[in-house]
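Notes follow the structure.
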Amino acid sequence: MKIFTDNKVAIHELELLFTACFLDLVEQDEEKFDENNGQSLREWFGIDELRDYLKHSRIIVAEEDGKLVGAAIVGKQNPLTWPDGKKCEVFNLGVLPEHRNKGLGSDLMEAVEKEAKLMGAKSIVLNVHELMTETQKFYEKLGYKRTGILRYYYENGSAVFFMKKLS
Ligand SMILES: CC(C)(COP(=O)(O)OP(=O)(O)OC[C@H]1O[C@@H](n2cnc3c(N)ncnc32)[C@H](O)[C@@H]1OP(=O)(O)O)[C@@H](O)C(=O)NCCC(=O)NCCS
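With our numbering as the guide, the letters of the sequence shown map in order to residues 7 to 173.
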């Protein structure tokens, strides 16, 4: 398995990857993420906005035998308020269902943190849907601390915010 920064990865490959990641979530949590509930997972995962994210972010990819099996997108949380805390945000993270639970998600997050430090960030922020409790535990295990809940942040529910200081 190779994990590296690759800002030239084809957008359609990233779309396929993240779509496979969220379709699996639909199966697991069908009633939590009802497509008719204001915001589809496709929207929520920013699949149609990937091109915009990529203008301002770095992409970490995990490849096995040349095939994309996981990816993370990290960038400045807000380029305009960057001097105010120098925070990077994880905009997207996904590992193909058949490659999960082998430490790949954690390895991608380690690479994200290294990349954020190279960008000059002092901390990383991210948010998770309040209903995605397993994913919240995943970030907590990696040392991310809850900083609060923003009610109605998403069209279909509240967001739990996490932060980790980079040393
Ligand atoms: C979150 C994700 C990237 C973790 O990838 P991974 O390669 O399995 O991560 P690791 O192997 O390093 O860690 C596995 C841990 O993640 C937990 N986990 C995270 N999300 C989970 C989910 N949706 N269902 C079940 N377990 C999940 C597992 O319980 C496991 O915990 P354990 O070590 O105590 O058993 C992967 O589950 C995924 O792609 N999920 C769908 C997309 C997503 O939710 N992205 C994050 C959006 S904020």
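By construction, the Cβ of each residue, glycine as well, lies at the ideal position given by its N, Cα and C atoms.
- What residue ranges within the segment 36-90 form continuous beta strand (DSSP E) runs of no fewer than 3 residues, ordered along the chain? 63-70, 73-82
- Query: What did DSSP end up calling residue 151 once you bin it into helix, strand or coil?
  - Reply: Taking the sequence shown and counting its residues from 1, the one referred to as residue 151 is at position 145. Strand.
- Less than 7 Å between the CB of residue 63 and some heavy atom of ligand 1, yes or no? Here residue 63 refers to the residue found at position 57 when the sequence shown is read from its first residue. Distances from the CB of residue 63 to the heavy atoms of ligand 1 are all 7 Å or more.
- Message: Spatial neighbours of residue 83 within its chain, please: C-beta separation below 7 Å, excluding the five flanking residues on both sides.
- Response: Here residue 83 refers to the residue found at position 77 when the sequence shown is read from its first residue. Only 93, 94, 95, 131 meet the Cβ criterion.
- Contact set, ligand 1 heavy atom to C-beta under 5 Å: These are the residues, in chain order, with a beta carbon less than 5 Å from any non-hydrogen atom of ligand 1: 27, 99, 100, 101, 106, 107, 109, 110, 111, 112, 134, 140, 141, 144.
- Item | Buried or exposed (CB count within 10 angstroms, at least 16 for buried), residue 64 | Position 58 of the sequence shown, counting from 1, holds the residue named residue 64. Residue 64 comes out buried.
- Query: When burial is assigned at 16 or more other CB atoms within 10 Å of the CB, is residue 135 buried or exposed?
  - Reply: The residue you call residue 135 lines up with position 129 of the sequence shown. Buried, since its Cβ has 16 or more Cβ neighbours within 10 Å.
- Item | Option nearest residue 119 by Cα separation, candidates 55, 170, 12 | Within the sequence shown, numbered from 1, the residue matching residue 119 stands at position 113. Closest option to residue 119, Cα to Cα, is 170.
- Item | Cβ-Cβ distance between residue 104 and residue 66 below 8 Å | Along the sequence shown, read from residue 1 onward, the residue named residue 104 stands at position 98. Along the sequence shown, read from residue 1 onward, the residue named residue 66 stands at position 60. The answer is no: Cβ separation not under 8 Å.
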